[in-house]
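Input: a single structure, listed below in structure tokens.
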Amino acid sequence: MDSSPAPAGTFADGAAAPLTALDAYGPSDELAAAYERDGVVLVRGLFSPDDLARIREELAAHMTRTVPHLTRDVHFEADGETVRVANELQRYAPFFADLLASPRQTDLVESVTGWRPQPFYAEYFAKQPHGSVAQPHQDSAFEHVEPRQYVHLWVALDDITPDMGPLRLWLGSNRFGVFPHDRRDFGKFQHLSPETVAGFDFPVAEGIAEAGDLFLLDTGLVHASTPNTSSRPRPSLALAYRGVGSVHHDS
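So for the sequence shown, my numbering puts the first residue at 261; every next one is plus one.
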């Protein structure tokens with residue numbers, strides 16, 4: 261494989277691979293097997309259109325009422341005004357605390373992973389039109405949880421098409437621990453160097469999804485996204501869970 265760095269906004273990928281998509285209320289052993297193999301599974305049917313409408317409504321309220329007063333838990337695009345990421349939503353709105361604790365999600369996580377989850381945090385990714393790249397990284401590099409029982413339910417709030425900067429997912433990369441993260445991204449976050457990514461031999465899946473689909477994602481999985489070249493945002497909500505009895509070490 262060519263080990264030269266990838267051009268800005270692109271990534272040195274392995275072979276393209278399909279992403280397993282299954283119904284949320286289908287056989288749990290099929291979901292668990294796909295998750296065990298790939299570190300991620302696309303789950304359909306957990307959130308209804310009404311659920312999504314309420315989530316969007318609460319996010320809009322957070323952006324207008326709360327974000328202007330925050331000195332933490334929000335990251336902006338280069339213009340300093342456009343929200344890129346809103347963190348720790350459950351701290352500011354009871355709706356997101358309740359959503360995070362819902363048995364609908366915790367039952368799904370337990371049936372797929374085999375461990376009992378507790379709510380960790382909720383965060384919003386705006387992915388604005390022509391917004392910035394999310395370079396390859398592992399979320400478990402930033403939040404250290406022992407034992408490593410830590411997942412995201414990454415919910416698509418609108419349809420995601422190839423031009424909207426969908427997730428790119430290095431399937432099975434979660435099985436090899438945390439790779440060195442040595443390049444700055446935004447805020448405190450770092451990402452993998454192009455040289456590290458160029459050395460991977462993992463198949464790479466593209467996170468095309470419909471509104472309401474979610475990616476049940478092991479936080480050790482390497483993932484990224486290219487720029488959103490469409491004229492529409494690509495909003496998503498990440499609901500994070502860690503194991504009951506696990507210990508979180510602040511990074």
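Note that the Cβ used here is the ideal one computed from N, Cα and C, for glycine as well.
Remember, predicted model here, so these are calculated numbers, not experimental data.
Exercise for the section: Could you name the residues that DSSP lists as bridge partners for Trp414? Expected result: Trp414 is bridged by DSSP to Phe475 and Ala498.
Handout entry: Residues that DSSP places opposite Asp283 in a beta bridge
Key = The partner list for Asp283 (beta bridge, DSSP) reads Arg304.
Problem - Chain-order list of residues whose beta-carbon lies under 6 angstroms from that of Asn347 (same chain, five-residue window excluded) - result: Once the five neighbours on either side are set aside, the close Cβ partners of Asn347 are Asp333 and Glu383.
Handout entry: Residue interval of the alpha helix (DSSP H) (run including Ala276)
Key = Unbroken run through Ala276: none, as it is neither H nor E.
Exercise for the section: Label Val504 either buried or exposed according to how many other C-beta atoms from any shown protein chain fall within 10 Å of its C-beta, with 16 as the threshold for buried. Expected result: When all chains shown are included, Val504 counts as exposed.
Exercise for the section: Could you spell out where the beta strand (DSSP E) holding Pro426 opens and where it closes? Expected result: No beta strand (DSSP E) holds Pro426; DSSP gives it neither H nor E.
Problem - Own chain residues within Cβ distance below 7 angstroms of Glu370, not counting five before or after - result: Apart from sequence neighbours up to five positions away, the residues of its chain that approach Glu370 with a beta-carbon distance below 7 angstroms are Arg376 and Pro377, ordered along the chain.
Problem - First and last residue of the uninterrupted alpha helix (DSSP H) at Phe355 - result: The continuous alpha helix (DSSP H) containing Phe355 extends over residues Pro354 to Ala361.
Practice task
Could you check the C-alpha separation between Thr324 and Leu349 for me, to the nearest Å?
Solution key: So the two alpha carbons sit approximately 14 angstroms from each other.
Handout entry: Host alpha helix (DSSP H) of Ala458 (start-end)
Key = Residue range Pro454 to Ala458 is occupied by the alpha helix (DSSP H) that includes Ala458.
Handout entry: For Ser485, three-class secondary structure by DSSP
Key = In the structure shown, Ser485 falls within a strand segment according to DSSP collapsed to helix, strand and coil.
Exercise for the section: May I have the straight-line CA-CA distance separating Ala321 from Ala484, to the nearest angstrom? Expected result: CA-CA distance, Ala321 to Ala484, rounds to 28 angstroms.
Handout entry: Coarse secondary structure for Thr270, derived from DSSP in three states
Key = Note that Thr270 scores 44 on pLDDT, short of 50, meaning its location in the model is unreliable; the coordinates nonetheless yield the value given after this. Thr270 carries a coil assignment under DSSP once its states are collapsed to helix, strand and coil.
Exercise for the section: Taking Leu477 and Trp414 to be in contact with their CB atoms under 8 angstroms, please state how far apart those CB atoms are, rounded to whole angstroms. Expected result: With 8 angstroms as the limit, Leu477 and Trp414 qualify as a contact, their Cβ atoms being about 6 angstroms apart.
Problem - Within 7 angstroms, strictly: CB atoms of Gln409 and Val482 - result: No, the pair does not count as a contact, with Cβ atoms beyond the cut-off.
Handout entry: Nearest-angstrom Cα separation, counted from Val507 out to Glu317
Key = If you draw a straight line from the Cα of Glu317 to the Cα of Val507, it is about 33 angstroms long.
Exercise for the section: Go ahead and pull the three-state DSSP assignment for Arg364. Expected result: Helix at Arg364.
Handout entry: Separation of Arg492 from Ala386, as counted between CA atoms
Key = Each residue's alpha carbon lies about 10 angstroms from the other.
Practice task
Give the straight-line distance between the Cα atoms of Glu406 and Gly299, rounded to the nearest whole angstrom.
Solution key: One C-alpha to the other measures close to 18 angstroms.
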